[in-house]
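Visitor: Sharing a structure below in structure tokens format, with a few things to ask.
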Amino acid sequence: MKAIQIARKSGRRRGFAFAIVAALAVAACGSSDDASETVEDSTTEETTAPSEEAKSTTLIVTLAQEPASWDYYTVGANALRVPTFYNVSESIVELRPDGTIVPMLAESWEMSADGLVYTFKIRSGVKFHDGTDMDSADVVYSMKINAKSPNSKLSAPHAYVASVTAPDASTVVITLKQPSSTYLKNLGMSAGYVVPENWLDSPDLTLKVMGTGPFVFSDYKADTTLTLTRFEDYWGAKPYFEVIDFRFIDDETAALNGLLAGEYDVVSKVLAEGIERVESFTTDSKFKVQFESANENSFMWLSVKEKAFKDIRVRQAIAHAINREEALAVYDNYADVACLLVIPDAEPYNSDYCPYPYDPEKSKALLKEAGYENLEIDFPFVTVASHPFTMEVLTQQLTAVGIKVNSRGLDLNTWIAETWTGGVYGMGEVRDSADILQWGCKGGRNPLGNPKPGLCIKEFEDQLAKADAFINYDEHLKAMNTLVKTFADLAWVNSIAAVKVPQIMKANVTGIPTVSINNAFDLRTATWGN
Amino acid sequence: MSDTSTITAHTPEDVSVSRLRKRLRALPITLYLGGTLISLFVFVVLVSFIWTPYPANKLNLANRMAPPGTPGFLLGTDRAGRDVITELMLGARNSLYVSVVSTVVAMFVGTLIGLSIAGSNKMLQRPLTRLVDTGLALPGILTAMVIAAKLGAGNTTATIAIIAWQIPVAARVTIGPARQILALDYVEAAYSYGRKKPYVIRHHVLPNISPLLIVLGSVMFAAAILIEAALAFLGVGVQPPTSSWGRFLNETQSLLEAAPYLMFFPGIAIVLTTLGFNLLGDGLRTALDPQQSRSGLA
Amino acid sequence: MLKHIFRSFFTLIFAALVGSVVVFVLLRQLGGDVVTAMLGKEAAPIDVSYLREELGLNQPLIVQYLNWLGDIARGDLGTSYAMKLDVFTEMMRRLGPTAMLTIGGLIVSVPLSLILGTYSAINAKKIRSGFVDVFTTVGIAVPTFWVGLLFALLFGVRLGWLPTGGYIPFTEDPLQSIRSVILPVAALSLGVTSVFTRYVRTAMLDVMNEDFMRSAMARGRTRRGAAIIHGVRNASIPLVTVAALQFGQLIAGAVVVENVFVLPGIGRLIVISTLGREVVVVQSLAMVLMLIILILNFLVDIAYGFLDPRIRDKESVDV
């Protein structure tokens, strides 16, 4: 009897326990709901005191990614260029968001009639952050080492360079083996990096970025902060902010919470799990959301080593199976359908051309015709950011036309080692900023380039060389237009979407451009609004 | 342990029906509650093999984050438009699979190692214990990341990672108390009756450390689900198309504004399962140790 | 005594060596290397093996292992491949947040769980122990990252009492430093306290049935008094082990908490370095962690002898 009594008692106790669990759950629910409401209250204080903030000459910006090192010569990650390009490093010329090329470290330049010789007049009075003056010798040194870099962003554009010379301290002459309409444009990006002579031998190479830009790379704590301070000897207009305090925060939930709490001023990019939270910021007057126009496309590509894919009908079938509209859900619709691999998508040679629109019936028919009704594809994907979701969408769409997809999740470097350089894959998916020219045999891009060209498609290579060789701008555009269309027709690489990257900031931050060149997070014109 | 009433309780008497009923009633209520909860989950898992509202991993991209009550989706849909009920059912399958397999294996192997070390030669004990410590010191997260990188993310990877993480824990928890019991007078006395070490360990050590092991088991079970969730959080966990509560829960952290209620579905499932196993563990402990059912009901 | 110390030291070294092999082999299972990580998708279609040569990645594994071990023996933890950061310096910098987290976690969770566990054991038959059970069950079942997230939203965003993330070194500003780790410690402690409370409760329930408790009560001690005076002391034997285990678990939990609260700690260093294929950093770090835990456990074993007279009397303390 005693036992039964105890049991009853304990039964009541447990009932009570459940009640508490329920109460906790309700309380937690309430608190998270309230949190999003009162967020506004707490930030109201922040923003209703602009006088104090307007005085602040420090801008706190979160960065989602951190490079392996600051060795600009080797490191390929966007993460290196995001905080430093334009802010710290500068290039010979500047590529403007509208595609025009304006002077930067070169005051002016001339191109010979045959398009082979470029003569640059180097700006005088430019100082590096180490206090030394920049002259033509530094530029020659920089161009020569860039051409040899293992980083294709730096070296690939220099492929046609015959010689780089400095007739005097303010003149640099670059001679090409064949005309290249994109060469100058590339000098406005990574290929045009200018560093002091012998910088590659400096022990600081991996620890900081050295340049001539408006901000000095002054302090870096791994996984914590990167501090830029205004360069008072800057040759151009000095920026408003004296200090840029970059915080490395790869957890977007944490970054957005910090922004809500007023601890940060700008969340530079929302690339991953934070995407669904963006909408709530767009409707909040305390914050401003800008969309960095696409210089990244999401695309999927097929391995040239797979026998099945050598049949163009199979590739076409796969291309027809992709429903791009539906795939935009991955980016919470902050993206545009893009059938062509044109980066940035504002390039004048872009068009709506879409050779293989979504058509599952046609896809099935093509597979049947090619005799690959039971096609199986190995699909390694990266287990972070938008990739798992994209993988799910693609898998569902391919499964719908009868293709069996074997997905396997890998961490980024295993993935790069296996697919990008190792070629162990059937298909891959990536978000990338590489323009079409990098897909040539020498451009470093799979499946047509790196590591040993598995396949150099003659048709594409010919057009590539031709498009680049036009010195006449209109002819170049026309050729590029044909080139990207041909590339899409080949269906080795199927572009899916041009991704818009949300930048979220306090409502009174202004002057941050929405077009990013060479992935730069350009803070030269950033300031407080009213 | 020498309480006479305990002995009477153990004495097998005539097992009449009424006595059996009385025995059953005497079983702790926690056992029933825990058993019911766990049976419920096992039932859900079994059903999921035959039927789920939607096929596994069916995305409805036009109907993302549909609120509960949406026609066709009783509990709504998640971030990718997957039916929440389907996700929970399949998640139950995978989460229970991962956690049960990893807990059972880790407990078995770990306890075996722990008991062997405790019962081993005094000269060997210290170095062996240190080896277990080394296993403990190896950050579990590191092992998990390497295994995930090597095998690719998935159920098997998660299970192996959790086992590797938990074996040293089980072993280390066992060693100390087992040695402590082996040093007791009456255990030493058992040797003098000619009992061999395995016998002593089975009949004296194991029963005495079983309360600890039961707690360990229930804690490790919950830990398995949580480690799985943490791996998902760090991007090395179970990947689609495998459904899991941990991954589901992880996905909801970015939906605080868009669909805050979603976190409660996997959250409650995890809490209830953990509760179920804890209650079951408590109940078992009480049932196995009648003395405690009187003095300190667990 | 000297012999005893020597033997302990020898065992430590032995275990550490085995550990070093395990870590070394484990890390060689990762796909790609630091050159892959540095070049990423931008690797030019040229031979980059000279980079591997420069970094010493082309050496036979056994040579790499012995070099690393030799460096460790000389007290040099090495430098990272890509950034060329000194591992020791980097580790010391990151020790701050992790130490504050884990020590803070122990300071909060050990006394709290002793109180809660004892309370629950003494009142095992009463409803009020149910509160503790509910707390521990929920605490065990709720993932740390969720707790952290809710804390950050509630106390950081909504109430604005504490920062949502970031770490201020103690030496820079002690007050702000403590403020910056309050939420992470709270988030970390919830799970640890819950787990530990369950162990305490079980241990206490066991101890309370022992004869010496009965005799203590017979001598006029109240149940609670007996439990607190004799119970805690005797229950502490298994608990010391568990507490040492919890320290290891704390470090694991710290990885997640460091992510949620943007703390540049040891946990993140492990994760980031593993992802970035900075194997020397991970190796050396794992080695240091191992040594710390090995030493802690060694001390725990000694503590056993002191806590349990039965062992002290029967065995030499040195195991």
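Protein chains in written order, with our numbering: chain A, 1 to 530; chain B, 531 to 828; chain C, 829 to 1147. For glycine and all other residues, C-beta sits at the position ideal for the given N, C-alpha and C.
Spell out a yes or no on whether the stretch 698–713 of chain B and the stretch 795–813 of chain B are touching, meaning 3 or more CB-CB pairs, one atom from each, closer than 8 Å.
Guide: no
Visitor: Report the rounded CA-to-CA distance for I403 (chain A) versus G806 (chain B), giving the unit in angstroms.
Guide: Numbered from 1 along the first sequence, position 403 holds the residue referred to as residue 403 (chain A). Numbered from 1 along the second sequence, position 276 holds the residue referred to as residue 806 (chain B). Whole-angstrom Cα-Cα distance: 42 Å.
Visitor: So which residues of chain C does G444 (chain A) contact, with C-beta pairs closer than 7 Å?
Guide: Here the question's residue 444 (chain A) lines up with position 444 in the first sequence. Result: E870, A871, A872, P873.
Visitor: Near L59 (chain A), what residues of its chain come up, given a Cβ to Cβ distance below 8 Å and the 5 sequence neighbours on each side ignored?
Guide: Here residue 59 (chain A) refers to the residue found at position 59 of the first sequence. Correct list, in chain order: F241, V243, I244, D245, D265, V266, V509, L523, A526.
Visitor: For A980 (chain C), which residues in chain A fall below 9 Å Cβ to Cβ?
Guide: Within the third sequence, the letter at position 152 stands for residue 980 (chain C). Chain A residues near A980 (chain C): T253, A254, N257, G258, A261.
Visitor: Could you check whether F281 (chain A) and V330 (chain A) sit closer than 8 Å to each other, using their CB atoms as the reference points?
Guide: Translated into the one-based positions of the first sequence, residue 330 (chain A) becomes position 330. Translated into the one-based positions of the first sequence, residue 281 (chain A) becomes position 281. No, the pair does not count as a contact, with Cβ atoms beyond the cut-off.
Visitor: Against chain A, does N587 (chain B) count as a neighbour if the rule is that its beta carbon must be under 8 Å from one of theirs?
Guide: In the second sequence, residue 587 (chain B) corresponds to position 57, counting from 1. With 8 Å as the cut-off, N587 (chain B) counts as an interface residue toward chain A.
Visitor: At the level of alpha carbons, what is the spacing between V662 (chain B) and T229 (chain A)?
Guide: In the second sequence, counting from the first residue as 1, residue 662 (chain B) sits at position 132. In the first sequence, counting from the first residue as 1, residue 229 (chain A) sits at position 229. If you take the alpha carbons of V662 (chain B) and T229 (chain A), they lie about 50 Å apart.
Visitor: By how many angstroms is the C-alpha of L940 (chain C) removed from the C-alpha of V1060 (chain C)?
Guide: On the third sequence, residue 1060 (chain C) is found 232 positions in, with the first residue counted as 1. On the third sequence, residue 940 (chain C) is found 112 positions in, with the first residue counted as 1. Cα to Cα, the separation comes out at about 13 Å.
Visitor: Is D462 (chain A) buried or exposed, if buried means 16 or more other CB atoms sit within 10 Å of its CB?
Guide: In the first sequence, counting from the first residue as 1, residue 462 (chain A) sits at position 462. The residue is exposed, with fewer than 16 neighbouring Cβ atoms inside 10 Å.
Visitor: Take Y334 (chain A) as the anchor and find which of A:S155, A:R277, A:W301 has the nearest alpha-carbon.
Guide: One-based indexing of the first sequence puts residue 334 (chain A) at position 334. Taking the Cα of Y334 (chain A) as reference, the smallest distance to any Cα among A:S155, A:R277, A:W301 is reached at A:R277.
Visitor: Between the beta-carbon of T74 (chain A) and the beta-carbon of L867 (chain C), is there less than 8 Å?
Guide: Numbered from its first residue, the first sequence carries residue 74 (chain A) at position 74. Numbered from its first residue, the third sequence carries residue 867 (chain C) at position 39. Contact: yes.
Visitor: Less than 8 Å between the C-beta atoms of V960 (chain C) and Y1027 (chain C), yes or no?
Guide: Translated into positions along the third sequence, residue 960 (chain C) becomes position 132. Translated into positions along the third sequence, residue 1027 (chain C) becomes position 199. Their beta carbons are not under 8 Å apart, which means V960 (chain C) does not touch Y1027 (chain C) by this criterion.
Visitor: Using a Cβ-Cβ cut-off of less than 9 Å, list which residues of the stretch 412–434 of chain A approach chain C; keep chain order.
Guide: L412, N413, T414, W415, I416, A417, E418, W420, T421, G422, V430, D432, A434
Visitor: Under 7 Å between beta-carbons, which chain B residues line up against G859 (chain C)? List them in chain order, please.
Guide: Locating residue 859 (chain C) in the third sequence gives position 31, counting from the first residue. Near G859 (chain C) (Cβ distances below 7 Å), the residues of chain B are A679.
Visitor: Anything in chain B within Cβ reach of A329 (chain A), meaning under 7 Å, just list it in chain order.
Guide: Here residue 329 (chain A) refers to the residue found at position 329 when the first sequence is read from its first residue. By Cβ distance, chain B contributes L591, R594.
Visitor: Quick one: Cα of I122 (chain A) to Cα of G236 (chain A), how far?
Guide: Counting from one through the first sequence, the residue named residue 122 (chain A) turns up at place 122. Counting from one through the first sequence, the residue named residue 236 (chain A) turns up at place 236. Taking the straight line joining both Cα atoms gives about 14 Å.
Visitor: Using CA coordinates, which residue listed in B:A789, B:S629, B:L626, B:M595 is at the minimum distance from D613 (chain B)?
Guide: In the second sequence, the residue the question calls residue 613 (chain B) occupies position 83. Considering only alpha carbons, the answer is B:M595.
Visitor: Could you tell me which chain A residues have their CB closer than 8 Å to the CB of V766 (chain B), listed as they occur along the chain?
Guide: Counting from 1 along the second sequence, the entry for residue 766 (chain B) is found at position 236. Residues of chain A passing the Cβ test: T383, D411.
Visitor: Could you tell me whether any Cβ in chain C is nearer than 8 Å to the Cβ of T689 (chain B)?
Guide: Translated into the one-based positions of the second sequence, residue 689 (chain B) becomes position 159. So, not an interface residue.
Visitor: Closer than 8 Å by C-beta to A68 (chain A): which residues in its own chain qualify, once you throw out the five before and the five after it? Chain order, please.
Guide: To locate residue 68 (chain A), count along the first sequence from 1; it is residue 68. If we look at A68 (chain A) and ignore the five residues flanking it on each side, its Cβ neighbours are V75, A77.
Visitor: Could you work out which residues of chain C lie near K153 (chain A), taking near to mean beta carbons separated by less than 8 Å?
Guide: For the purposes of this step, residue 153 (chain A) is identified with residue 153 of the first sequence, where counting begins at 1. Within 8 Å Cβ-Cβ: E870.
Visitor: Verify the contact flag: F837 (chain C), CB atom, against every heavy atom of the ligand ADP, threshold strictly below 7 Å.
Guide: The ligand content of the structure shown is nil, which means the ligand ADP is not present either.
Visitor: Determine, for T664 (chain B), whether the minimum Cβ-Cβ distance to residues of chain C falls below 8 Å.
Guide: Walking along the second sequence from the start, residue 664 (chain B) turns up at place 134. Yes - at least one Cβ of chain C is within 8 Å of the one on T664 (chain B).
Visitor: Between L557 (chain B) and chain C, is the shortest Cβ-Cβ distance under 8 Å, so that the two count as touching?
Guide: As a first step, residue 557 (chain B) is located in the second sequence; it is residue number 27 there, counting from the start. Closer than 8 Å: no.
Visitor: In its own chain, which residues sit with a C-beta less than 6 Å from the C-beta of S32 (chain A), not counting the 5 before and 5 after it?
Guide: If you number the first sequence from 1, residue 32 (chain A) lands on position 32. Caution is warranted here: a pLDDT of 39 is assigned to S32 (chain A), below 50, making its placement in the model unreliable, and the coordinate value is therefore given only provisionally. Scanning its chain for C-beta atoms nearer than 6 Å, with the 5 sequence neighbours on each side dropped, one finds no residue around S32 (chain A).
Visitor: If I measure Cβ to Cβ from S1008 (chain C) and keep anything under 7 Å in the same chain, skipping five residues before and after, which residues do I get?
Guide: Looking up residue 1008 (chain C) in the third sequence gives position 180. Answer for S1008 (chain C): P991, G994, Y995, I996, listed in chain order.
Visitor: Spatial neighbours of E376 (chain A) within its chain, please: C-beta separation below 7 Å, excluding the five flanking residues on both sides.
Guide: Locating residue 376 (chain A) in the first sequence gives position 376, counting from the first residue. Only K404, N406 meet the Cβ criterion.
Visitor: Can you give the Cα-Cα distance for F1040 (chain C) and I1056 (chain C), rounded to whole angstroms?
Guide: The residue labelled residue 1040 (chain C) in the question sits at position 212 within the third sequence. The residue labelled residue 1056 (chain C) in the question sits at position 228 within the third sequence. When rounded, the distance between both Cα atoms is 13 Å.
Visitor: Is W775 (chain B) helix, strand or coil by DSSP?
Guide: Here the question's residue 775 (chain B) lines up with position 245 in the second sequence. W775 (chain B): helix per DSSP, three-state reduction.
Visitor: So, using beta-carbon positions, are E306 (chain A) and E273 (chain A) closer together than 8 Å?
Guide: As a position in the first sequence, residue 306 (chain A) is number 306, starting the count at 1. As a position in the first sequence, residue 273 (chain A) is number 273, starting the count at 1. Not in contact: E306 (chain A) and E273 (chain A) (Cβ atoms no closer than 8 Å).
Visitor: Rounding to the nearest angstrom, what Cα-Cα distance links I343 (chain A) and V846 (chain C) in this structure?
Guide: For the purposes of this step, residue 343 (chain A) is taken as residue 343 along the first sequence, with counting starting at 1. For the purposes of this step, residue 846 (chain C) is taken as residue 18 along the third sequence, with counting starting at 1. Using only the alpha carbons, I get a separation of about 51 Å.
Visitor: DSSP has N406 (chain A) in a bridge; who is on the other side?
Guide: Your numbering for residue 406 (chain A) matches position 406 in the first sequence. N406 (chain A) pairs with A:D378.
Visitor: Which word fits H476 (chain A), buried or exposed, when buried means at least 16 other C-beta atoms lie within 10 angstroms of its C-beta?
Guide: If you number the first sequence from 1, residue 476 (chain A) lands on position 476. Result: buried.
Visitor: Between Q783 (chain B) and chain C, is any beta-carbon pair separated by less than 8 Å?
Guide: The sequence position of residue 783 (chain B) within the second sequence is 253, counting from 1. Interface residue, yes.
Visitor: Looking at C-alpha atoms only, which residue of C:G1081, C:L1113, C:A1054, C:L1103 is the closest neighbour of I931 (chain C)?
Guide: Position 103 of the third sequence, counted from the start, is the residue given in the question as residue 931 (chain C). Checking every option, the nearest Cα to that of I931 (chain C) belongs to C:G1081.
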